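To keep things clear, I will list the structure first and then write my remarks on it.
Residue numbers (the working numbering), protein chains in the order written: chain A, 1346 to 1600; chain B, 10 to 179.
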């Protein structure tokens, strides 16, 4: 028995399985959004999602010799210990939203920039992988810095440990534009890819009466998706007539 | 005018929809037949001969998804009727079609690890040709697959019988 998000016409709990999939966002493909399934697990619905995060990255590394630098997930993957392991061991940034109860007890907010002790807004500079620290600095021409009484003693760079709040800071702080784009613009594309598998490839209509069959069907759906990705990459479509209406790749300041 | 219309059709060309024969033709060249056949060669043994290679049987399984979510039984029935499906599965004619027992044995022979191995091959091909930027992004999520448990649901009770079971010749 597993729980699922409430939708009209669905019960809160169901008997069955869950297909956990790590997909790669092919960001350099310009014509449209393309996601390729890399790792899939079929598990009983009662298995929490967070349990399969670390094995997915491990599997990617071992079998495909590839690890995505950033992984975006929903709040099911919020386990702080696992996120810390990914950050420290494999240099993978795991990004999730903050839970509502976390927001109440967190000193930081996703929509608020960090500030120095005098109230000047700070912008994120970088994450130091050696020291596990984030560095922040006031933007150029910061208004408060010119009049600050601590100006002579201020280094104008502030560090904070990523361990302070794993979910908020991690490798990419949640109050940066990059993290917000990843959460709001990129993660939303997971739904159409799931819908494609369930409705068009027929995962929803299959007669799944055993975990083994569920595994097989899930992997076959992935095979079909991967073949489609290969075909699209091999022969990318010419400029379509409805191009203006198509969703386009989000430009992220990753480099 | 006709030329412009054709040009517009060509420009609008994308991958055919799932369930069409055109999609099967577009995807057939990307199936790693040689890899699959070399990993699971046709065993030589006494008794009934294997008529189908591992790649053929995997293609038959793949048809379940590519034709819009048919059951394996329905795929088998369709294979005897639809030539484009047989062409995708590399089956010679309507008389040489794997039966349900063969498909079941093939799934048991490959196991989950076998199907994953094939997917890994495909994923490695994708990673080789995909235009990736320096920072790669992965998305992880889970989707619900409810089990087919309609026959296990509790039905409304009809109440206790107040007569013997053999009263109506049962």
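Glycine is no exception: its CB is placed at the ideal position from the N, C-alpha and C atoms. In this text, all values refer to a predicted model and were calculated from it rather than measured experimentally.
Please name the residue, chosen from the options, that lies closest to residue i on a Cα-to-Cα basis.
i              : options                           : result
residue 1486/A : 1478/A, 1472/A, 1471/A and 1467/A : 1467/A
residue 73/B   : 151/B, 95/B, 152/B and 138/B      : 95/B
residue 1504/A : 1528/A, 1524/A, 1493/A and 1478/A : 1478/A
residue 140/B  : 1363/A, 1364/A and 1375/A         : 1375/A
residue 147/B  : 1402/A, 1508/A, 1554/A and 1349/A : 1402/A
residue 91/B   : 29/B, 128/B, 40/B and 110/B       : 29/B
residue 145/B  : 1405/A, 1513/A, 1572/A and 1446/A : 1405/A
residue 50/B   : 101/B, 103/B, 152/B and 66/B      : 66/B
residue 1475/A : 1492/A, 1506/A and 1417/A         : 1506/A
residue 44/B   : 70/B, 151/B and 128/B             : 128/B
residue 1492/A : 1517/A, 1465/A and 1502/A         : 1465/A
residue 1415/A : 31/B, 142/B, 152/B and 154/B      : 142/B
residue 1508/A : 1447/A, 1498/A and 1433/A         : 1433/A
residue 1494/A : 1512/A, 1463/A and 1447/A         : 1463/A
residue 1437/A : 1418/A, 1445/A, 1449/A and 1362/A : 1418/A
residue 1383/A : 1590/A, 1564/A and 1529/A         : 1564/A
residue 1568/A : 86/B, 40/B, 108/B and 137/B       : 40/B
residue 1377/A : 1453/A, 1499/A, 1534/A and 1544/A : 1534/A
residue 1546/A : 1448/A, 1499/A, 1420/A and 1570/A : 1570/A
residue 1425/A : 1372/A, 1395/A and 1407/A         : 1395/A
Roughly how many angstroms separate the alpha carbons of residue i and residue j, rounded to a whole number?
i              : j              : result
residue 1360/A : residue 1346/A : 4 Å
residue 1520/A : residue 156/B  : 40 Å
residue 1409/A : residue 1367/A : 13 Å
residue 53/B   : residue 60/B   : 11 Å
residue 1460/A : residue 34/B   : 59 Å
residue 114/B  : residue 1470/A : 57 Å
residue 1455/A : residue 1431/A : 22 Å
residue 123/B  : residue 63/B   : 11 Å
residue 46/B   : residue 110/B  : 20 Å
residue 1385/A : residue 37/B   : 23 Å
residue 1581/A : residue 1575/A : 10 Å
residue 1352/A : residue 1484/A : 44 Å
residue 1689/A : residue 1356/A : Because chain A is modelled from 1346 through 1600, residue 1689/A falls outside the range shown and cannot be assessed.
residue 1531/A : residue 1412/A : 18 Å
residue 19/B   : residue 1579/A : Reliability of the predicted coordinates at residue 19/B is poor, the pLDDT of 39 falling under 50, and no value is obtained from them.
residue 1307/A : residue 88/B   : This structure gives no information on residue 1307/A, because the portion of chain A shown stretches from 1346 to 1600.
residue 23/B   : residue 1488/A : 52 Å
residue 1515/A : residue 1536/A : 25 Å
residue 12/B   : residue 150/B  : Below a pLDDT of 50, predicted positions are generally treated as unreliable, and residue 12/B, at 43, falls in that range; no measurement from the model is reported.
residue 1473/A : residue 1451/A : 23 Å
residue 1362/A : residue 1501/A : 52 Å
residue 1422/A : residue 1541/A : 23 Å
residue 1623/A : residue 1446/A : For residue 1623/A there is no data in the structure shown, the boundaries of chain A being 1346 and 1600.
residue 1370/A : residue 1511/A : 24 Å
residue 1427/A : residue 1365/A : 16 Å
residue 1390/A : residue 130/B  : 28 Å
When DSSP builds the beta bridges, which residues end up paired with residue i?
i              : result
residue 23/B   : In the DSSP output, where bridge partners are listed per residue, residue 23/B has none listed.
residue 147/B  : 1369/A and 1416/A
residue 152/B  : 1364/A
residue 1581/A : Per DSSP, none; premise fails for residue 1581/A.
residue 1384/A : 1367/A
residue 1389/A : 1362/A
residue 1347/A : 1359/A
Give the secondary structure of residue i by DSSP, where H, G and I count as helix, E and B as strand, and everything else as coil.
i              : result
residue 15/B   : The predicted model places residue 15/B with a pLDDT of 42, which falls under 50 and marks its position as unreliable, so this point remains unresolved.
residue 1378/A : coil
residue 1505/A : strand
residue 1532/A : helix
residue 1521/A : coil
residue 129/B  : helix
residue 1359/A : strand
residue 1400/A : helix
residue 1537/A : helix
residue 28/B   : coil
residue 1352/A : coil
residue 1547/A : coil
residue 93/B   : helix
residue 1563/A : helix
residue 1556/A : helix
residue 182/B  : Because chain B is modelled from 10 through 179, residue 182/B falls outside the range shown and cannot be assessed.
residue 10/B   : For residue 10/B, the pLDDT reaches just 40, beneath the cut-off of 50, and the residue's location in the model is therefore unreliable, although a value from the coordinates is still provided. Looking at residue 10/B - three-state DSSP - the assignment turns out to be coil, as it is neither helix nor strand.
residue 111/B  : helix
residue 103/B  : coil
residue 44/B   : helix
residue 116/B  : helix
residue 1512/A : coil
residue 134/B  : helix
residue 142/B  : coil
At 3 residues or longer, what runs of the beta strand (DSSP E) sit wholly inside the region 1419-1502 of chain A?
1438-1440, 1468-1473 and 1478-1482
Taking a cut of 9 Å between CB atoms, which residues from the region 1409-1427 of chain A lie near chain C?
No chain C appears in this structure, whose protein chains are A and B.
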